[in-house]
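Since the structure comes first, as structure tokens, the remarks are kept for the end.
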Amino acid sequence: MRSVFVDNVQLEKQKEFAAFAGEILAARYAQPPKAYVHTYGCQGNVADSEKIEGMLLQIGYELTEDLSEADLVLYNTCAIREHAEHRVFGNVGALKHYKARKKDMIIALCGCMMQQSQVAEKIKKSYPFVNLVFGTHVVHRLPEFIYRVLCGNKVVCIDENEGVIAEGLPIHRDGSFKAWLPIMYGCNNFCSYCIVPYVRGRERSRRQSDILAEARQIIAAGYKEITLLGQNVNSYGNDLEDGSNFASLLRALDAMEGDFKIRFMTSHPKDCTKELIDTIAASRHISHHLHLPFQSGNDDILKAMNRKYTREKYLELVNYAKSKISDLSLTSDVIVGFPGETYEQFSDTLSLIREVKFTSLFTFIFSPRHGTPAEKMDDPVPAEEKGKWFRELLDVQAEVAAGRTAAMKGKVYRALVEEPGKEAGHLCGRTDANVIIDFEGDESLIGQYVNVKVTDSLTWIVKGELL
Ligand code: SAH
Ligand code: SF4
Ligand code: F3S
0 MRSVFVDNVQ LEKQKEFAAF AGEILAARYA QPPKAYVHTY GCQGNVADSE
50 KIEGMLLQIG YELTEDLSEA DLVLYNTCAI REHAEHRVFG NVGALKHYKA
100 RKKDMIIALC GCMMQQSQVA EKIKKSYPFV NLVFGTHVVH RLPEFIYRVL
150 CGNKVVCIDE NEGVIAEGLP IHRDGSFKAW LPIMYGCNNF CSYCIVPYVR
200 GRERSRRQSD ILAEARQIIA AGYKEITLLG QNVNSYGNDL EDGSNFASLL
250 RALDAMEGDF KIRFMTSHPK DCTKELIDTI AASRHISHHL HLPFQSGNDD
300 ILKAMNRKYT REKYLELVNY AKSKISDLSL TSDVIVGFPG ETYEQFSDTL
350 SLIREVKFTS LFTFIFSPRH GTPAEKMDDP VPAEEKGKWF RELLDVQAEV
400 AAGRTAAMKG KVYRALVEEP GKEAGHLCGR TDANVIIDFE GDESLIGQYV
450 NVKVTDSLTW IVKGELL
């Protein structure tokens, strides 16, 4: 079997490249040059960017959030929907002016969009001022790419393999109390609408020992919340030979001492087991929140989407979970206007939302993706009509959410304080169920757990008093 792990020789070589690149930078700039990194897309991309930033710091860059002072601009892109891609093209186009003013500025593009050959081609043709383009399977080679660019080359590296795992890369975590922890990469599911399996390669799990070691470091550094990441965390371990699965990984993480919570995403309903739900129910640290995308409430659409479960199976799972975890909060992803979907089929999605009573939903209008089966399916419903359905769905979910937040009134919740609130003197926290809670309090509480009594509810968020 092919080893998915990047070997040490390669990783050491990259450290040497980082040192060489660092020497060039030191000779070229009186002050450390500045790197601006912008991330599009999902938390998987955010976690990649934390490694990219780690490597840029290792090379000798300083990070900046001010594009106008950047010596290196890197966009880590997302290909999930057309809109996401348009935004990237627009923003890359705008960089031309920055580069005209600063000739030696390095412009680098990476991530899921770049893993598509037609995009890499378009960049080559239409955006000649871009210095570096690299795909999702070669992120660990960033020091080498930067070195080659600093030597005056244009670098394009889109490796078409099935994906690798590079352990031990430096990580610059963005937050100080919430950490991302990838447990697996890639996706094998090939939902008919989705580009991810084409740009992220096959499913591969990190070793449990590597995950636990990273989790220990995160907790020792004082983080309060760890979110485990994977496109389908429920199939964690299928490719490992040590018999571990996602539930056993969760039990091992839950056994760690400390005041922290564990979240995870995304759970695919087809692989979500009762063992997993029992594990959450019996745990000390795992949030009572399950993000379980159903995509559609209609069996024929689910079949056309290649989701491999039925409405009945989804509801059975949800009802089992609710019976074991009384305060369970469910969130989900939904697609409106899949090719050929009728209004009648769409109304099955509405009825499922009413039945399950989700805390919140991520809702999307179908967007055809290049090379996916759904791209070639007949799609007769006009965009305007889909827009109407979409708004109807938002209204139904708003009604459901308002009911849920209203039921929180008078109760006390433990929340992690995340940031200043919109009003002066207010704070914004998040309950275990992932509901935003606004209350008066001092900014020194940011990053800590507090108890808040809910006094009022708006549709999506609640207001409360710090106890
Ligand atoms: N692995 C996760 C989803 C990752 S993509 C899962 O299977 O649940 C996040 C969400 O984007 C998906 O759940 C889906 O709702 C949406 N999505 C993916 N491809 C899309 C497309 N072509 N058009 C519209 N929405 C899409
Ligand atoms: Fe895409 Fe389906 Fe994989 Fe999720 S499970 S990333 S929707 S192919
Ligand atoms: Fe986008 Fe890639 Fe994530 S396509 S949603 S960044 S896996």
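If you're matching positions, the sequence shown starts at 0 in numbering that gives the first Met the number 0 and goes up one per residue. Even glycine gets a Cβ: it sits at the ideal position worked out from N, Cα and C. All values derive from a computational prediction rather than experimental measurement.
Item	Value
Segment limits, alpha helix (DSSP H) that includes residue 544	One cannot answer for residue 544 here, as it falls past the ends of the chain, which runs 0 to 466.
Buried or exposed by the 16-neighbour rule on C-beta atoms within 10 Å, applied to residue 466	exposed
Near the ligand SF4: residue 154 beta-carbon under 7 Å from a heavy atom	no
Proximity winner among 258, 158, 149 and 251, relative to residue 22 (alpha-carbon distances)	149
Other residues of its chain near residue 153: CB distance less than 7 Å, five sequence neighbours each side excluded	130
Pair within 8 Å by beta-carbon distance, residue 69 and residue 33	yes
Cβ neighbours of residue 199 in the same chain (closer than 8 Å, five flanking residues each side left out)	43, 111, 114, 135, 162, 184, 185, 186 and 230
Minimum C-alpha distance to residue 303 - residue among 310, 285 and 338	338
Three-state secondary structure (DSSP) of residue 366	coil
The region 367-374 contacting the region 412-425, beta-carbon criterion three pairs below 8 Å	no
Among 257, 248 and 181, the one whose alpha carbon lies nearest that of residue 226	181
Check: residue 267 C-beta below 7 Å from any heavy atom of the ligand SAH	yes
Beta strand (DSSP E) runs wholly inside the region 125-187, at least 3 long, in chain order	131-133, 154-156 and 177-181
Residue range of the unbroken alpha helix (DSSP H) whose run includes residue 305	Careful: residue 305 lies outside any alpha helix (DSSP H) and carries neither H nor E.
Simplified DSSP assignment, three categories, for residue 278	helix
Sequence ranges, alpha helix (DSSP H) only - wholly within the region 223-278, length at least 4	245-253
Option nearest residue 305 by Cα separation, candidates 220, 269 and 403	269
Residue interval of the alpha helix (DSSP H) (run including residue 108)	Segment 105-110 is the beta strand (DSSP E) holding residue 108; no alpha helix (DSSP H) there.
Nearest candidate by alpha-carbon position, reference residue 258, set 244, 446 and 355	446
Residue 348 classed as buried or exposed, judged by whether at least 16 other C-beta atoms fall within 10 angstroms	buried
Rounded straight-line distance, which links the Cα of residue 448 to that of residue 429	9 Å
Buried versus exposed, by CB contacts within 10 Å (16 or more), residue 73	buried
Residues near residue 62 by beta carbon distance below 8 Å, same chain, minus five either side	33, 34, 35, 36, 52, 55, 56 and 171
Touch test, the region 242-254 against the region 289-303, Cβ-Cβ under 8 Å, three pairs minimum	no
8 Å Cβ cutoff met for residue 59 and residue 10	no
N- and C-terminal bounds of the beta strand (DSSP E) containing residue 465	461-465
At least 3 beta-carbon pairs within less than 8 Å: the region 362-369 vs the region 388-395	yes
Local Cβ density within 10 Å of residue 139, reported as buried at 16 or more and exposed below that	buried
Which listed residue (85, 45, 27 and 407) has its alpha carbon closest to that of residue 366	85
Residues near residue 144 by beta carbon distance below 7 Å, same chain, minus five either side	131, 133, 154 and 156
The ligand SAH heavy atom lying under 7 Å from the CB of residue 217	no
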